[in-house]
Amino acid sequence: MAVPKRKKSKSKRGKRRTHQKVVASNLSICPQCGEATLPHRACPSCGTYKGRAVTETKESYIQTGKIDPWRQRQKIAAKSYTV
Ligand SMILES: [Zn+2]
1 MAVPKRKKSK SKRGKRRTHQ KVVASNLSIC PQCGEATLPH RACPSCGTYK
51 GRAVTETKES YIQTGKIDPW RQRQKIAAKS YTV
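Below is the structure:
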């Protein structure tokens, strides 16, 4: 197997790593609630996409009286542990 002849210098390593950086993602403003959201995704705070309700939110569960699936899973898990 081919092996590098020399150790890469700190300078070469640094130059290679100049491209490794965290870039802030572009955010768009939700037209319904004005919250900053990722583009082309349903708004996590109000659950709408292009003005249409597409996902359930914590508030919608409370308003409709439905049980939050996450809460339901917690209840089932709690029951299974109490024997
Ligand atoms: Zn929203």
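At position 16 of the sequence shown the residue is numbered 16 (this note's numbering), and the sequence of numbers has no breaks.
Think of the CB as a built atom: it goes at the ideal place given N, C-alpha and C, for glycine as much as any other residue.
- Distance between residue 80 and residue 70, taken at the CA atoms: about 16 Å.
- About 4 Å separates the CB atoms of residue 47 and residue 57; that is less than 8 Å, so the two are in contact.
- Of the heavy atoms belonging to ligand 1, none sits nearer than 7 Å to the Cβ of residue 60.
- Closest in C-alpha terms to residue 55, from the list 43, 76, 30 and 1, comes 43.
- Under the three-state reduction of DSSP output, residue 29 falls in the strand class.
- When beta bridges are read from the DSSP output, residue 37 appears opposite 28.
- Per DSSP, the continuous alpha helix (DSSP H) segment holding residue 69 begins and ends at 69-81.
- Here the alpha carbon of residue 27 sits roughly 45 Å from the alpha carbon of residue 2.
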